[in-house]
Amino acid sequence: MVSNLHPSADDAILRALTDDQGESVMTTRREFLAAGAGGLLGATGLPALADDQVQVTPGLVKLHAGIEPLVQLVERTPRNKCVGMLAEQIKKGVPYRQLLASLFLAGIRNVSPQPPGFKFHCVFVINAAHQLSLDLPADQRLLPLFWSLDNFKASQAKDIEEGDFKLGPVRGKLPSPRKAGREFSQAMNEWDEERADRAIVALVRSSGASHVIERMWKYGCRDYRNIGHKAIFVANTWRTLQTIGWHHAEPAMRSLVLGLLDFGAEQRVNKYAFADQTYSQNLDFARKAMQKGPDGRMPAKWRYEWIRPGSRPEQVQELLADMRKLDPQACCRLVGERLGKGDFRAQTVWDAVHLMAGELMMRQPGIYGIH
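Here the sequence shown is numbered in the working numbering, starting from 1 and rising by one per residue.
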């Protein structure tokens, strides 16, 4: 371990995180937090993490070229020596946000996003680990960082066993900034990984963060074959980049595109092909809901009512009752019609969806409902 830590710190870390052979025994965040609450970080002499080091800063877009050595250190350090390595970096004064970014980018570069899930959870959980740091007492806020590092090393080892993925340089000529958006949409709609890879690089290099992520949301929600991991991937990539800075977006977005295009249009996953889902029908429902009148404009009631904040409890209950008895396609059609008439606000639909998700967890606890 790190030689300049006090011997009692070495012993505390080793007892908490490794077995007699130096192999990690921590597998869950709960185990890690329990160990930390027992004094693990106090024994190391590491500093408490101040509030201003963990707060989200969406406007942090300053370019920073110094992350590569830290990512390489994370990648190359053996798993049973990672705790000491991270403790050493913290004592040297490496900022929390830099450490968080290095763990995220190490996963992006070394763990395959296909399929988006399983070992790739080491990338998904970075934002959750950060949120946990925000909620912990100052002297325990570094614990999720240590857990995330160990979790990445486990995923890295699994990925090596399964083919040793590496995110390499983009290949081929990039589309021009003027054509990048159209090229990206066409490539995504045709499930073309190489074209989409070049197009997303061109978009990230020529467009702002909001413009880029706005194009990703619909591809996250169009394919639910692997129980929602594609939507999870989009959301957590966006949240993490808001914390570590948009200057890390290019590799993150390239990995995200690979994940979104996994399975293609034909492969059956969890008994579903892409065409078996409601996405295509929902596009039609949305177009009809937004249909313009004879004056070339959408009805005023629709234009303003659906985006107003708040919801009506009686409508939430009504929609919840429909969701219990209707099949997915019929339920989506109903929502489209009610939104088109200006009867529902978007918040009404979201409230019903969240309540139905809670019911699903009560009726069918397990991996499907929790996602």
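C-beta atoms are modelled at their ideal positions from N, C-alpha and C, and glycine is treated no differently.
Rounded straight-line distance, which links the Cα of residue j to that of residue i
i: P144; j: M188; result: 35 Å
i: Q114; j: F165; result: 10 Å
i: V316; j: F285; result: 20 Å
i: Y272; j: Y224; result: 9 Å
i: V2; j: A202; result: With a pLDDT of only 36 at V2, under the threshold of 50, the placement of this residue in the model should not be trusted; the figure read from the coordinates follows. Going by the C-alpha atoms only, they are around 43 Å apart.
i: L5; j: M85; result: Any answer about L5 is weak, because its pLDDT of 41 lies below 50 and its placement is not dependable; what the coordinates show is given next. Cα to Cα, the separation comes out at about 11 Å.
i: A106; j: A352; result: 38 Å
i: W306; j: S210; result: 22 Å
i: M253; j: L260; result: 10 Å
i: A180; j: I213; result: 14 Å
i: Q277; j: I200; result: 26 Å
i: I126; j: S176; result: 33 Å
i: Q131; j: R338; result: 36 Å
i: C332; j: Q364; result: 22 Å
i: P95; j: E314; result: 49 Å
i: G310; j: R345; result: 8 Å
i: E250; j: K325; result: 44 Å
i: Q186; j: N80; result: 45 Å
i: A87; j: I160; result: 26 Å
i: K153; j: L167; result: 17 Å
i: V71; j: Q242; result: 19 Å
i: E162; j: I108; result: 16 Å
i: G93; j: H121; result: 28 Å
i: D192; j: S207; result: 21 Å
i: Q156; j: K119; result: 8 Å
i: A321; j: K158; result: 44 Å
i: F274; j: V123; result: 25 Å
i: A196; j: V257; result: 7 Å
i: L174; j: R205; result: 10 Å
i: R178; j: K288; result: 30 Å
i: I244; j: I227; result: 27 Å
i: I90; j: L149; result: 13 Å
i: M323; j: M356; result: 8 Å
i: R198; j: W217; result: 19 Å
i: E194; j: H248; result: 21 Å
For residue i: DSSP bridge partner residues
i: V269; result: Y272
Cβ-based burial, residue i [other Cβ within 10 Å; buried from 16]
i: M362; result: exposed
i: W238; result: buried
i: S280; result: exposed
i: Q140; result: buried
i: P116; result: buried
i: Y368; result: exposed
i: N110; result: buried
i: G264; result: exposed
i: T57; result: With a pLDDT of only 40 at T57, under 50, the local geometry of the prediction cannot be trusted, and the value read off the model is given with reservation. Result: exposed.
i: D327; result: exposed
i: Q291; result: exposed
i: E183; result: buried
i: A151; result: Reading off the sequence shown, one finds Asn at residue 151, where the question assumed Ala. Buried: at least 16 other Cβ atoms inside 10 Å.
i: R370; result: The sequence shown places Ile at residue 370, rather than the Arg named in the question. Flag for I370 reads exposed.
i: L374; result: Because the chain spans 1 through 371 in this model, residue 374 falls outside it and cannot be assessed.
i: G366; result: exposed
i: H354; result: exposed
i: D262; result: buried
i: K230; result: buried
i: A330; result: exposed
i: L319; result: buried
i: G172; result: exposed
i: L134; result: exposed
i: W350; result: exposed
i: N236; result: buried
i: G336; result: buried
Cβ of residue i within 8 Å of any chain C Cβ
i: W350; result: Absent from the structure: chain C. Only one protein chain is present.
beta-carbon residue i near the ligand FAD non-hydrogen atom, thresh 7 Å
i: G340; result: The ligand FAD is not part of this structure, which contains no ligands at all.
Item to check | Secondary structure, beta strand (DSSP E): runs of 3+ residues fully inside the segment 160-223 | outcome: The segment 160-223 contains no whole beta strand (DSSP E) run of 3 or more residues.
Next on the checklist: Threshold first: 3 residues or longer. Then list the beta strand (DSSP E) segments lying entirely within the segment 110-147, N to C.
Outcome noted: Those beta strand (DSSP E) runs which fall completely within the segment 110-147 and span 3+ residues do not exist here.
Next on the checklist: So, does the segment 96-110 touch the segment 137-152, judging by three or more C-beta pairs under 8 Å?
Outcome noted: The segment 96-110 is in contact with the segment 137-152.
Next on the checklist: Under 8 Å: do the segment 64-75 and the segment 218-234 share three or more Cβ pairs, one atom per stretch?
Outcome noted: The segment 64-75 vs the segment 218-234: no contact.
Item to check | In chain order, each alpha helix (DSSP H) run of at least 4 residues that lies wholly inside the segment 229-270 | outcome: Counting only runs of 4+ residues, the alpha helix (DSSP H) found wholly inside the segment 229-270 occupies 229-244 and 249-260, in chain order.
Next on the checklist: For a minimum of 4 consecutive residues, which ranges assigned as the alpha helix (DSSP H) are wholly contained in the segment 307-348?
Outcome noted: Correct list: 313-325 and 328-340.
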